[in-house]
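One structure below.
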Amino acid sequence: MSHNTEAITVNSFTITTSDDFKLAATSYEPPAPIANIIIAGATGVPQDFYRRFSRFAAKNGYRTITFDYRGISKSKTQDLNGFKASFTDWATLDLAAVVDEIVDDKSETFMVAHSFGGHAFGQLPNHQKIAGMYVFATGAGWRGWMPKYESIRVNIMWNAILPTLTFLKGYTPMSMLGMGEDLPFGVYQRWRKWCKYPHYFFDDPKVSTAMKEKFAEVKVPIVAANAVDDSWATPRSRDAFIKGYKNADVTCKDILLTPSLPKVGHMGYFRPESEKLWIDVLEWITVNKKD
152 MSHNTEAITV NSFTITTSDD FKLAATSYEP PAPIANIIIA GATGVPQDFY
202 RRFSRFAAKN GYRTITFDYR GISKSKTQDL NGFKASFTDW ATLDLAAVVD
252 EIVDDKSETF MVAHSFGGHA FGQLPNHQKI AGMYVFATGA GWRGWMPKYE
302 SIRVNIMWNA ILPTLTFLKG YTPMSMLGMG EDLPFGVYQR WRKWCKYPHY
352 FFDDPKVSTA MKEKFAEVKV PIVAANAVDD SWATPRSRDA FIKGYKNADV
402 TCKDILLTPS LPKVGHMGYF RPESEKLWID VLEWITVNKK D
């Protein structure tokens, strides 16, 4: 895949959600875009983490947009103690607003998602505007799918460390643990609850039938790629969750480690050494473009 040598333009802007929240967003603009890519990021991961992939995609002709969910990084407008936000807000208000803002009649829009982004896509009220999704590291979150050591570590985190810190702070200080951005209480609350189920929120009796039906409405092509060393979202965990997209054309892909890619984990998909994975994404989009 050859890079476009013409300069790209990076623009910071805001997107207003239907409940009037202002989200910080960034666009990476090539001179002549051939399609749009929206990055739907992972829980507590700032949009800046995706800048290298976004520049790479823009240099190859794709207008790429990153953003921060409410309460995270540049979309954090106040102290998180008492700040109201949930996973559902991030999907149905924040990501939905980005889709409405970016999709146009000139070119198709694809989603490149990371972890939570794969949970959010199926909840969108406007998912039909997206031509397809390539998601890395999505999974069910249940520790039973994890390797034994990671399962023990996560059990301690969910049942001792995070409840204590969250009680003391009024929000979840993930940054104290070196695990990304701090999280609003409502996000932590649902995340902890749903990670107790083998199929994540699909197993929660309090999750509405309407949300499950929304996932079933998705019919676009999806690639769900998970590295074999991703201990948080193993291929088995992905398989347990991705079946919720039961009417989509889903391809599950296990990323094997090689001498040129000896380590991926849960975050390595968007680090510079994973450029080969980025090429796979853009080639897949090229094949699935209709215009």
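Per my numbering, the sequence shown starts with residue 152, numbered consecutively.
Note that the Cβ used here is the ideal one computed from N, Cα and C, for glycine as well.
Under a three-way DSSP split, which group does residue i fall into?
i	result
V379	coil
F366	helix
A191	strand
A162	As written in the sequence, residue 162 is Asn, which differs from the Ala given in the question. Strand, per DSSP.
P386	helix
S153	The predicted model places S153 with a pLDDT of 48, which falls under 50 and marks its position as unreliable; any figure quoted below should be read in that light. Three-state DSSP puts S153 in coil, outside helix and strand.
E180	strand
Y201	helix
V432	helix
H265	strand
L174	strand
G320	Correcting the residue type first, residue 320 is Lys in the shown sequence and not Gly. K320 falls in the helix class under three-state DSSP.
D355	coil
P372	strand
T289	coil
L313	helix
M297	coil
R304	helix
Quick one: is residue i near chain D, going by C-beta distance under 8 Å?
i	result
K210	The structure shown has no chain D; it contains just one protein chain.
Taking the C-alpha atoms as reference points, what is the distance between residue i and residue j?
i	j	result
N310	Y420	28 Å
P182	A376	30 Å
I373	G283	6 Å
T168	A248	5 Å
V250	I312	36 Å
I159	T215	11 Å
K370	L319	44 Å
K208	T315	Just to set this straight, residue 208 is Ala in the shown sequence, not Lys. Answer to the nearest angstrom: the Cα atoms are 41 Å apart.
Y322	P335	5 Å
W429	T437	12 Å
R422	E259	26 Å
L275	Y300	35 Å
T409	A186	31 Å
R202	K427	16 Å
Q198	A176	8 Å
D171	K365	24 Å
Is the beta carbon of residue i less than 8 Å from the beta carbon of residue j?
i	j	result
D245	R206	no
V358	A236	no
F261	I188	yes
S224	E368	no
S178	F164	yes
R389	C403	yes
G192	H265	yes
L121	N211	Summary: the structure shown does not reach residue 121, with the chain confined to residues 152 through 442, and so no result is reported for it.
V263	I166	no
V305	K280	no
M342	T228	Note that residue 342 corresponds to Trp in the displayed sequence, not to Met. No, they are not a contact pair.
Am I right that residue i and residue j are in contact with their C-beta atoms under 8 Å? What's the rounded C-beta distance?
i	j	result
Y351	W296	No, Y351 and W296 are not in contact; Cβ-Cβ is about 10 Å, not under 8 Å.
D289	F392	At residue 289 the sequence reads Thr, which differs from the Asp that was named. About 6 Å separates the two Cβ atoms, so the contact holds.
L174	F218	5 Å
Contact the stretch 408-427 vs the stretch 377-390: 3+ CB pairs below 8 Å
yes
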